[in-house]
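Enquirer: Next up is a structure, given as structure tokens.
Protein chains: 2
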Amino acid sequence: MTRDTAELTKEALDDIPLAKTETPEELEDLALGDDYALNPDYVDMVIDAVDSGDLKRLRELVTALEPADVADLMGFLTADYREDVIPLLDPEALGEIISEMDENLREEVLEATPSVTLARALEELDTDDAADVIDDLDETKRFQVLAAMGETDRAAIETTLSYEDETAGRLMQREFLAAPEFWTVGQTIDHVRDAGDQLPELFFDVYVVDPTFKPVGAIPISILLRSRRETPLAELMEAATEIDVGMDQEEVAYIFDKYHLISAPVIDPGGRLVGQITVDDIVEVIRDEAQEDILALAGVSDAGRDASVQEIVRSRLPWLLLNLVTETIAVSAIAIFQDQIAKLVALAVLMPIVSSLGGNAGTQTLAVAVRALASKELTAANARRIIVREVLVGLMNGVALAIVMGLATFLFYHNGRLAITVGVALIVNIFIAALGGILAPLALEKMGRDPAVSSSIFVTFLTDFMGFLAVLLIAALLMG
Amino acid sequence: MTRDTAELTKEALDDIPLAKTETPEELEDLALGDDYALNPDYVDMVIDAVDSGDLKRLRELVTALEPADVADLMGFLTADYREDVIPLLDPEALGEIISEMDENLREEVLEATPSVTLARALEELDTDDAADVIDDLDETKRFQVLAAMGETDRAAIETTLSYEDETAGRLMQREFLAAPEFWTVGQTIDHVRDAGDQLPELFFDVYVVDPTFKPVGAIPISILLRSRRETPLAELMEAATEIDVGMDQEEVAYIFDKYHLISAPVIDPGGRLVGQITVDDIVEVIRDEAQEDILALAGVSDAGRDASVQEIVRSRLPWLLLNLVTETIAVSAIAIFQDQIAKLVALAVLMPIVSSLGGNAGTQTLAVAVRALASKELTAANARRIIVREVLVGLMNGVALAIVMGLATFLFYHNGRLAITVGVALIVNIFIAALGGILAPLALEKMGRDPAVSSSIFVTFLTDFMGFLAVLLIAALLMG
Numbered sequence: 012m013t014r015d016t017a018e019l020t021k022e023a024l025d026d027i028p029l030a031k032t033e034t035p036e037e038l039e040d041l042a043l044g045d046d047y048a049l050n051p052d053y054v055d056m057v058i059d060a061v062d063s064g065d066l067k068r069l070r071e072l073v074t075a076l077e078p079a080d081v082a083d084l085m086g087f088l089t090a091d092y093r094e095d096v097i098p099l100l101d102p103e104a105l106g107e108i109i110s111e112m113d114e115n116l117r118e119e120v121l122e123a124t125p126s127v128t129l130a131r132a133l134e135e136l137d138t139d140d141a142a143d144v145i146d147d148l149d150e151t152k153r154f155q156v157l158a159a160m161g162e163t164d165r166a167a168i169e170t171t172l173s174y175e176d177e178t179a180g181r182l183m184q185r186e187f188l189a190a191p192e193f194w195t196v197g198q199t200i201d202h203v204r205d206a207g208d209q210l211p212e213l214f215f216d217v218y219v220v221d222p223t224f225k226p227v228g229a230i231p232i233s234i235l236l237r238s239r240r241e242t243p244l245a246e247l248m249e250a251a252t253e254i255d256v257g258m259d260q261e262e263v264a265y266i267f268d269k270y271h272l273i274s275a276p277v278i279d280p281g282g283r284l285v286g287q288i289t290v291d292d293i294v295e296v297i298r299d300e301a302q303e304d305i306l307a308l309a310g311v312s313d314a315g316r317d318a319s320v321q322e323i324v325r326s327r328l329p330w331l332l333l334n335l336v337t338e339t340i341a342v343s344a345i346a347i348f349q350d351q352i353a354k355l356v357a358l359a360v361l362m363p364i365v366s367s368l369g370g371n372a373g374t375q376t377l378a379v380a381v382r383a384l385a386s387k388e389l390t391a392a393n394a395r396r397i398i399v400r401e402v403l404v405g406l407m408n409g410v411a412l413a414i415v416m417g418l419a420t421f422l423f424y425h426n427g428r429l430a431i432t433v434g435v436a437l438i439v440n441i442f443i444a445a446l447g448g449i450l451a452p453l454a455l456e457k458m459g460r461d462p463a464v465s466s467s468i469f470v471t472f473l474t475d476f477m478g479f480l481a482v483l484l485i486a487a488l489l490m491g
Numbered sequence: 012m013t014r015d016t017a018e019l020t021k022e023a024l025d026d027i028p029l030a031k032t033e034t035p036e037e038l039e040d041l042a043l044g045d046d047y048a049l050n051p052d053y054v055d056m057v058i059d060a061v062d063s064g065d066l067k068r069l070r071e072l073v074t075a076l077e078p079a080d081v082a083d084l085m086g087f088l089t090a091d092y093r094e095d096v097i098p099l100l101d102p103e104a105l106g107e108i109i110s111e112m113d114e115n116l117r118e119e120v121l122e123a124t125p126s127v128t129l130a131r132a133l134e135e136l137d138t139d140d141a142a143d144v145i146d147d148l149d150e151t152k153r154f155q156v157l158a159a160m161g162e163t164d165r166a167a168i169e170t171t172l173s174y175e176d177e178t179a180g181r182l183m184q185r186e187f188l189a190a191p192e193f194w195t196v197g198q199t200i201d202h203v204r205d206a207g208d209q210l211p212e213l214f215f216d217v218y219v220v221d222p223t224f225k226p227v228g229a230i231p232i233s234i235l236l237r238s239r240r241e242t243p244l245a246e247l248m249e250a251a252t253e254i255d256v257g258m259d260q261e262e263v264a265y266i267f268d269k270y271h272l273i274s275a276p277v278i279d280p281g282g283r284l285v286g287q288i289t290v291d292d293i294v295e296v297i298r299d300e301a302q303e304d305i306l307a308l309a310g311v312s313d314a315g316r317d318a319s320v321q322e323i324v325r326s327r328l329p330w331l332l333l334n335l336v337t338e339t340i341a342v343s344a345i346a347i348f349q350d351q352i353a354k355l356v357a358l359a360v361l362m363p364i365v366s367s368l369g370g371n372a373g374t375q376t377l378a379v380a381v382r383a384l385a386s387k388e389l390t391a392a393n394a395r396r397i398i399v400r401e402v403l404v405g406l407m408n409g410v411a412l413a414i415v416m417g418l419a420t421f422l423f424y425h426n427g428r429l430a431i432t433v434g435v436a437l438i439v440n441i442f443i444a445a446l447g448g449i450l451a452p453l454a455l456e457k458m459g460r461d462p463a464v465s466s467s468i469f470v471t472f473l474t475d476f477m478g479f480l481a482v483l484l485i486a487a488l489l490m491g
């Protein structure tokens with residue numbers, strides 16, 4: 012419907028660049044569903060506009076969106092369509108749109124954008140976001156873009172890039188509001204009104220510093236706003252939670268989450284204030300780190316929304332090959348005892364149940380342990396208690412399942428020894444699963460490795476191997 | 012060491028309640044490691060203080076901590092030790108400490124605290140946090156606590172509780188800063204200075220409202236602070252992202268994340284401003300929802316750090332029993348074709364590899380799909396493209412693994428038909444795994460269900476069943 016209207020008025024619009032069939036507000040309502048996700052119909056409208064070469068309509072559709080929604084839109088288009096949309100983007104918004112994009116998409120767009128345009132776009136961003144984008148450029152282009160930027164912006168970005176990836180130094184903005192202890196509320200507000208441009212657009216705390224620029228406290232600006240002008244800052248400030256510039260971003264996220272921080276001062280090794288981290292960057296870190304755990308537990312790294320089939324295969328096949336190796340080792344237990352199976356084929360039927368239940372119980376323990384480690388609910392202070400508890404849980408679950416499966420086996424096969432074999436094998440395997448599920452992530456954490464990565468492949472191997480071995484070995488002992 | 016010092020001076024301290032062996036700052040340094048997690052040694056110091064009945068030392072140790080750290084400390088103590096610590100907590104901090112606690116722990120502490128103490132403690136909290144705690148009380152106690160609270164606080168909490176759990180209404184604070192369009196910056200700041208107590212301690216945006224109290228825009232207070240007093244608000248405001256009071260908290264989190272919001276106005280069905288949601292509550296939601304996904308994919312609900320062995324068994328055994336049922340159905344494929352195994356035991360050895368690889372490939376697809384659905388990268392707009400891509404990935408992975416495993420089988424067993432059997436079975440199973448791994452979560456999402464819950468148990472069943480069936484059926488066809 013909207014499409015038709017646009018077609019009809021297309022000729023008439025040619026000389027009136029700002030005339031519109033819908034207001035930007037109406038378009039935004041069309042674009043976003045009730046859940047603020049991009050509407051598939053709106054993506055189709057964009058595709059139609061490209062197909063019909065209606066550039067005015069296209070610009071209209073794109074400029075009605077927030078940067079985050081334009082980035083989303085790009086993700087839903089194929090590369091051909093994107094090429095038509097990118098040149099229409101407002102240079103002012105381009106930086107933000109790029110910094111909202113997925114990695115794969117971003118690389119493509121960065122390649123297609125001239126260095127000077129990029130330099131202008133990045134100057135509009137906060138240092139941390141601009142550095143993030145610069146970091147994704149190849150060396151030649153990075154050099155060109157930095158050269159095309161203003162002196163101050165370039166220096167700030169280069170300093171940010173000198174910090175390691177995924178540390179506080181990379182997350183922080185170098186713009187913040189600091190004030191000496193002896194200032195009053197009024198002096199601070201006057202300073203803010205005068206200093207305008209040197210301050211970030213958004214800030215949430217005033218950091219109070221001593222003469223050596225070490226933070227001695229912080230004041231939320233809502234407190235500043237409600238206090239009398241003559242109140243000295245020293246009277247209002249509370250202890251600030253300082254972040255070391257080299258701290259891992261996961262640690263920073265933990266601290267923000269724990270103390271409900273909105274912003275925090277970042278200090279260099281000498282204790283001097285060098286930047287601030289704001290909670291909006293942390294929201295991203297928390298989301299990303301949690302998603303990394305989900306993927307790591309499943310033995311997969313996400314190749315991204317716009318990855319090609321080849322890229323995805325490359326990201327998944329290595330884990331599957333590793334799984335092929337571990338599983339080959341696991342089934343060697345079957346190969347060794349295959350005479351038992353030749354004697355009693357029922358063992359081949361029941362064995363996979365024992366392995367599968369073990370795998371499942373191990374994965375449960377593992378997922379709970381990984382979650383508890385990430386939220387520091389599981390630490391050296393209570394590790395022993397949690398291990399003992401998990402082992403007891405494993406024993407109880409094992410006994411309960413053994414009773415059910417033992418009875419079912421007896422009813423079906425009328426073979427008491429077979430029933431006892433699978434029952435005992437289940438108890439053993441679920442016990443081993445509990446032990447592996449809690450010890451593997453704890454060991455990885457202790458070694459300073461990510462407990463989510465590779466522990467699930469180990470636990471699956473362990474429970475498959477033990478499942479096969481326990482059933483066949485017990486069968487050999489009980490039934491000869 | 013610290014322990015001894017405390018012992019020695021214990022008598023002397025008895026009449027000087029504020030004398031300390033370390034300053035609170037020194038104690039806080041002792042309490043928290045570099046990673047801001049609670050130090051195991053500090054937990055031991057608290058335990059020592061309880062054991063030796065040194066209440067002064069205990070109070071000293073506890074009051075040096077932030078509420079979040081006291082909540083943590085409680086989690087590391089057993090119930091007996093907690094009973095000694097709780098009466099020492101400062102009533103002012105008690106509310107915050109309780110609201111930082113895990114559910115299990117919180118229930119225990121709430122039971123042990125007198126209603127009047129609780130009422131005072133909850134009055135110190137924001138409405139949303141207080142309502143959360145009240146919601147955990149049994150009916151009798153809830154009535155007593157509400158009756159002991161002031162009229163205004165009680166009414167606010169009752170209104171909050173009238174909204175459904177996990178909606179915007181429950182997350183929002185009913186205290187916020189609103190101003191009419193025609194006010195200037197100066198008028199707004201003066202209003203804040205006068206209205207002091209009716210405003211929340213922390214706020215980040217001024218919501219500009221029309222005469223019917225509908226929000227027409229928002230201004231970050233840092234912008235307010237840097238603008239001249241005579242500037243009209245209408246000139247500074249930008250469109251606010253409004254949140255419906257009934258919106259699911261996961262949607263709210265998505266919007267905050269997408270648009271990098273610090274606070275947002277909440278509107279009732281009539282469009283009137285009724286509250287605000289701040290980002291610190293959202294950080295919690297994002298963390299919790301991501302962790303729920305991890306646990307759901309592993310087929311487990313977390314019983315909490317302080318759950319008993321029985322509680323944990325109750326939370327895990329049902330999933331394992333369900334797994335027992337699905338796996339029994341899966342192995343029926345083996346039971347039907349068990350003659351094949353009797354003829355060639357090697358099939359019993361190779362079959363589990365085919366199932367396991369299928370399960371692994373299915374879990375990879377599933378984890379990526381669940382992540383993409385949660386971040387709305389996978390929607391109706393690109394579902395078809397993603398399904399096609401996953402199926403292609405499945406085929407390519409299947410062929411690659413089939414070549415490796417087929418060759419290995421041939422080298423080991425010198426049986427061409429057996430090698431072809433496992434190769435073809437692998438391709439079939441990995442293809443089915445890809446299809447199941449993407450379609451199961453999409454179907455659940457379409458039905459309005461959580462795509463993480465129960466899809467992994469379905470995919471595992473599917474790939475086990477198909478793995479067994481494919482190997483044995485193809486063996487029957489090829490080898491008779």
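Those sequence lines, one after another, are chains A and B. Just so we're aligned: 380 in the working numbering is position 369 of the first sequence, and the numbers increase by one with no gaps anywhere. Just so we're aligned: 308 in the working numbering is position 297 of the second sequence, and the numbers increase by one with no gaps anywhere. Virtual Cβ for every residue (Gly too), placed ideally from N, Cα, C.
#1: Using a Cβ cut-off of 9 Å, which residues of the stretch 154 to 188 of chain A contact any Cβ in chain B, in chain order?
#2: At what residues does the beta strand (DSSP E) containing Val336(A) begin and finish?
#3: Which residues, taken in chain order from the stretch 258 to 274 of chain A, show a beta carbon closer than 9 Å to some beta carbon of chain B?
#4: Let me confirm a value: Ile340(A) is counted as buried when at least 16 other C-beta atoms fall within 10 Å, else exposed. Which label applies?
#5: What number of angstroms, rounded off, separates the C-alpha of Gly228(A) from the C-alpha of Leu284(A)?
#6: Please return the same chain residues whose Cβ sits closer than 8 Å to the Cβ of Leu418(B), not counting the five positions on each side in sequence.
#7: Name the residues in the stretch 286 to 301 of chain B whose C-beta lies less than 9 Å from a C-beta of chain A; which are they?
#8: So, is the C-beta of Phe469(B) closer than 8 Å to a C-beta in chain A?
#9: DSSP three-state label for Leu99(A), please.
#10: Under a three-way DSSP split, which group does Ser63(B) fall into?
#11: If we cut at 8 Å on Cβ distances, does Gly86(B) have a partner in chain A?
#12: Just checking: is the beta-carbon of Met407(B) within a distance shorter than 8 Å of some beta-carbon in chain E?
#13: Would you report the Cα separation of Arg327(B) and Gly447(B), rounded to the nearest angstrom?
#14: Is there a Cβ from chain A that is less than 8 Å from the Cβ of Arg382(B)?
#15: Assign Ala90(A) to buried or exposed, taking buried as 16 or more other Cβ atoms, counted over all protein chains shown, within 10 Å of its Cβ.
#16: Hey, could you find the ends of the alpha helix (DSSP H) Gly367(A) is sitting in?
#17: Whose C-beta lies closer than 7 Å to the C-beta of Ala344(A) among residues of the same chain, with five residues either side of it excluded?
#18: Under 8 Å between C-beta atoms, does Asp46(B) make it to chain A?
#19: Beta-carbon separation of Ala275(A) and Thr252(A) under 8 Å?
#20: If you measure from the beta carbon of Ser367(A) to each beta carbon in chain B, is any gap under 8 Å?
#21: Please list the terminal residues of the continuous beta strand (DSSP E) segment that includes Val285(B).
#22: In chain order, what are the residue ranges of uninterrupted alpha helix (DSSP H) at least 4 long that sit wholly in the stretch 86 to 170 of chain A?
#23: Just to confirm the assignment: which complete beta strand (DSSP E) runs, minimum length 3, are found wholly within the stretch 198 to 257 of chain A?
#24: Would you give the residue range spanned by the alpha helix (DSSP H) that Ser466(A) belongs to?
#25: Going by other Cβ atoms of all chains shown within 10 Å of its Cβ, with 16 needed for buried, is Leu488(B) buried or exposed?
#26: Hey, does Met56(A) have any beta-carbon neighbour from chain B nearer than 8 Å?
#27: So with Cβ pairs under 8 Å, would you call Thr339(A) a contact of chain B?
#28: Can you pull the chain A neighbours of Phe214(B), defined as C-beta to C-beta under 8 Å?
#29: With which residues is Ser274(B) paired in a DSSP beta bridge?
#30: Who are Pro191(A)'s beta bridge partners in DSSP?
#31: Smallest Cα separation from Ile485(A): which of Ala436(A), Leu455(A), Ala60(A) and Ser467(A)?
#32: Leaving out five residues before and five after Leu384(B) in sequence, what residues of the same chain have Cβ atoms less than 7 Å from its Cβ?
Expert: The answer reads as follows:
#1: The stretch 154 to 188 of chain A vs chain B, Cβ under 9 Å: Leu188.
#2: Unbroken run through Val336(A) is the alpha helix (DSSP H), Val320 to Ile347; no beta strand (DSSP E).
#3: Under the 9 Å Cβ criterion, the stretch 258 to 274 of chain A contributes Met258, Asp259, Glu262, Ala264, Tyr265, Ile266, Phe267, Asp268, Lys269, Tyr270, His271, Leu272 and Ile273.
#4: exposed
#5: A straight-line Cα-Cα distance of about 11 Å links Gly228(A) and Leu284(A).
#6: Ala430
#7: Thr289, Val290, Asp291, Asp292, Ile293, Val294, Glu295, Ile297, Arg298, Glu300 and Ala301
#8: no
#9: helix
#10: Note: Ser63(B) maps to coil in three-state DSSP.
#11: yes
#12: Checking the listed chains, one finds no chain E in this structure; the protein chains it contains are A and B.
#13: 24 Å
#14: yes
#15: Flag for Ala90(A) reads exposed.
#16: At residue 367(A) the sequence reads Ser, which differs from the Gly that was named. Run containing Ser367(A): Ala357 to Ala385, per the alpha helix (DSSP H) assignment.
#17: Hits under 7 Å: Phe476, Phe479, Leu480 and Leu483.
#18: yes
#19: yes
#20: yes
#21: Unbroken beta strand (DSSP E) run through Val285(B): Leu284 to Thr289.
#22: Correct list: 90 to 96, 102 to 111, 114 to 123, 126 to 134, 138 to 146 and 150 to 158.
#23: Taken in chain order, the unbroken stretches of beta strand (DSSP E) that lie wholly in the stretch 198 to 257 of chain A and span 3 residues or more are 216 to 220 and 226 to 231.
#24: Ser466 to Met490
#25: exposed
#26: no
#27: yes
#28: Ser233
#29: Thr289(B)
#30: Val220(A)
#31: Ala436(A)
#32: The residues are Pro452, Glu456 and Pro462.
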